[in-house]
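Below is one structure, written out as structure tokens; comments come after it.
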Amino acid sequence: MGPGNGVEIVAPVKGRQAEILTPEALDFVVRLQREFNGTRESLLSRRAERQTEFEAGAMPDFLPETKNVRDDEWKVAPVPDDLAERKVEITGPTDRKMVINALNSGASTFMADFEDANSPTWENVINGHVNLIDAIERTIEFTSSEGKDYALGPDVATLLVRPRGWHLVEKHVLVEGRPVAASLFDFGLYFWHNAHRLLDKGSGPYFYLPKLENHLEARLWNDVFNFAQDDAGIERGSIRATVLVETILAAFEMDEILFELKDHSSGLNAGRWDYIFSAIKKFRNRPEFVLPDRSKVTMTVPFMRAYTELLVKTCHRRGAHAMGGMAAFIPSRKKPEINEKAIAEVREDKIREAKAGFDGTWVAHPDLVGVAREEFEGVLGDRPNQLGRLRDDVSVVADDLLDVPSTPGDVTESGLRSNVNVGIQYI
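Sequential numbering of the sequence shown, starting at 186, is according to the numbering used here.
Listed below in structure tokens is the structure:
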């Protein structure tokens with residue numbers, strides 16, 4: 186598709202993809218790019234500067250200039266009714282079969298993922314938007330190669346969408362000859378096509394925001410939300426967003442992130458696996474921050490426990506949901522002996538989260554929805570959440586969040602081989 190209003194698509198547009206890439210939708214994406222990309226690039230430059238500072242010996246801390254935000258009493262806006270109960274959230278890519286199965290899974294919500302769960306090919310991204318429109322309109326159907334038919338049942342999960350992070354671009358769409366920000370592209374297309382139809386159905390445009398490193402990046406999202414809502418003629422606050430705290434720097438600014446998004450916030454999520462990676466990346470030149478085997482870095486080691494307890498305390502003080510992390514295990518119905526042990530570990534993890542004060546948790550497979558729900562309902566009962574549990578017993582300082590060196594365990598050859606193997610399989 187050739188240039189028009191400064192936008193050029195350098196990929197084929199096939200079939201129903203044209204329903205997504207309309208001139209009006211693309212014009213909205215172009216306006217988002219022109220309005221906000223400069224700030225995005227400045228914030229990414231600041232990330233690089235911070236990394237240089239860490240490699241020169243600096244360490245993160247709570248910001249003195251935002252102490253008033255942490256000390257003052259304020260709360261985020263109350264969540265819409267269909268986000269009050271989030272005991273089990275299922276996540277997955279936006280392919281047609283997965284969308285149907287996730288919405289039918291019995292989970293409270295489904296986070297349709299344009300980020301980590303999705304291989305960002307052009308076809309996957311654009312067809313994903315087609316699938317989400319069909320899901321919202323309840324017309325989505327799928328027939329497998331074996332002839333099995335899939336369709337939505339009467340009761341479906343509330344839909345949330347995760348766009349790609351600030352650091353990525355969509356190389357197939359150029360604005361003034363440069364790739365558009367993937368975050369603005371994903372958000373823009375979904376919002377343009379679905380904001381009004383979701384509100385008309387009693388829901389709303391709900392998002393998960395990945396990979397944020399500080400409150401200024403949250404402020405940028407808030408500015409995007411206000412621009413989009415004003416442009417669409419809908420009330421500010423209609424958009425809701427849960428932020429993944431999956432970088433160690435964001436853990437020092439959780440109050441500030443909630444404050445920046447307070448009219449649009451639906452809470453924070455403990456994105457555990459990327460959080461561990463973030464600690465490795467930020468302090469890669471410090472030998473004392475070398476972690477033991479991955480299997481030893483559990484949620485109960487000191488620096489992980491400090492981060493999750495502070496997240497729950499911060500969220501509940503501000504009236505926001507605190508969401509637990511991913512149970513990464515994917516059951517195999519052909520290997521019951523492996524499943525039994527792994528599901529027991531998932532169950533233990535979910536019990537720990539519920540008792541720690543989390544309001545809900547993530548799973549990646551429909552077979553784990555019942556396990557997670559059972560454990561959360563065992564603690565919460567009929568209550569939709571436990572926002573009233575304030576965790577005043579928790580006191581976390583900067584040294585606690587940075588206490589990576591005290592993680593018990595050894596670095597072993599088998600652990601290294603396992604890491605290499607996982608990386609190769611991912612590719």
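Each residue gets a CB set at the ideal place from its N, CA and C atoms; glycine is no exception.
Based on DSSP bridge pairs, tell me the residues matched to residue i.
i, result
"L383", "Paired residues: none, contrary to the question."
"V360", "V192, R363"
"T343", "T294"
"G509", "Partner(s): none; G509 has no beta bridge."
"V430", "A455"
"F392", "V346, A426"
"T251", "Answer is none; T251 lacks a bridge partner."
"V273", "T546"
"D588", "Per DSSP, none; premise fails for D588."
"A336", "E326"
"S368", "The partner list for S368 (beta bridge, DSSP) is empty, contrary to what the question assumes."
"E355", "V365"
"S450", "A426"
Tell me the rounded alpha-carbon separation between residue i and residue j.
i, j, result
"L228", "L401", "8 angstroms"
"A539", "F295", "19 angstroms"
"E270", "E522", "33 angstroms"
"N286", "A342", "10 angstroms"
"G291", "Q571", "20 angstroms"
"L397", "L453", "11 angstroms"
"I205", "D385", "20 angstroms"
"T207", "I311", "12 angstroms"
"D340", "D298", "21 angstroms"
"D267", "S388", "7 angstroms"
"G555", "S517", "16 angstroms"
"N309", "K466", "29 angstroms"
"V428", "D448", "13 angstroms"
"A302", "P278", "5 angstroms"
"Y335", "T328", "6 angstroms"
"A196", "S304", "16 angstroms"
"R232", "W351", "11 angstroms"
"R574", "D567", "15 angstroms"
"L344", "A583", "35 angstroms"
"G422", "V346", "16 angstroms"
"A241", "R235", "10 angstroms"
"P188", "G362", "With a pLDDT of 48 at P188, under the threshold of 50, the modelled position of this residue cannot be trusted, and the question is left open."
"D552", "K333", "19 angstroms"
"I612", "V605", "11 angstroms"
Since residue i contacts residue j with CB under 8 angstroms, what's their CB separation in whole angstroms?
i, j, result
"R576", "V482", "About 23 angstroms separates the two Cβ atoms, so there is no contact after all."
"G545", "G510", "The Cβ separation is near 11 angstroms, so there is no contact."
"G557", "V548", "Position check: residue 557 holds Ala in this sequence, whereas Gly was assumed. At roughly 5 angstroms, the Cβ-Cβ gap stays under 8 angstroms, so A557 and V548 are in contact."
"L359", "E193", "4 angstroms"
"A541", "T493", "7 angstroms"
"K272", "S293", "6 angstroms"
"Y460", "E438", "That belief does not hold up - the Cβ atoms of Y460 and E438 are roughly 14 angstroms apart, past 8 angstroms."
From the options, pick the residue whose C-alpha is nearest to that of residue i; which is it?
i, options, result
"L353", "D256, E300, I325", "E300"
"I629", "N524, M508, G223", "As displayed, the chain neither begins before 186 nor continues past 612, which places residue 629 out of reach and without an answer."
"A380", "R349, L359, A417, K356", "A417"
"F474", "L429, F239, P263", "F239"
"V284", "E204, E322, G373, R363", "E322"
"A464", "N312, T207, M244, F561", "M244"
"G468", "L397, D588, F410, V582", "It should be noted that the sequence gives Phe, not Gly, for residue 468. Here the closest residue by C-alpha is D588."
"L211", "F372, G566, S329, I536", "F372"
"A529", "L268, Y611, A512, V596", "A512"
"N190", "W377, V215, W351, V198", "V215"
"P569", "H506, N604, D584, F462", "H506"
"D415", "D459, W377, R231", "W377"
"L337", "L345, F247, A320, S330", "A320"
"V264", "P390, G242, M484", "P390"
"A262", "Y611, E559, K526, R503", "R503"
"R201", "H314, F543, D584", "H314"
"N411", "T597, S450, N604, H501", "S450"
"F543", "F247, K252, E274, N316", "E274"
"H501", "E258, T597, P593", "E258"
"D246", "N399, W307, F462", "N399"
"W307", "R602, V198, L288, H550", "V198"
Are the Cβ atoms of residue i and residue j separated by less than 8 angstroms?
i, j, result
"L394", "A436", "no"
"A413", "L446", "no"
"L405", "F213", "no"
"P613", "S591", "Here the chain has residues from 186 to 612 only, and residue 613 is not among them."
"G479", "G600", "For the sequence presented, residue 479 should be read as Arg rather than Gly. Yes, the pair counts as a contact, with Cβ atoms nearer than the cut-off."
"R281", "I318", "no"
"V579", "L495", "yes"
"M489", "R457", "yes"
"L586", "A491", "yes"
"V254", "D440", "yes"
"L369", "Q218", "yes"
"E560", "K535", "yes"
"I419", "F392", "no"
"R225", "A366", "yes"
"P364", "K356", "yes"
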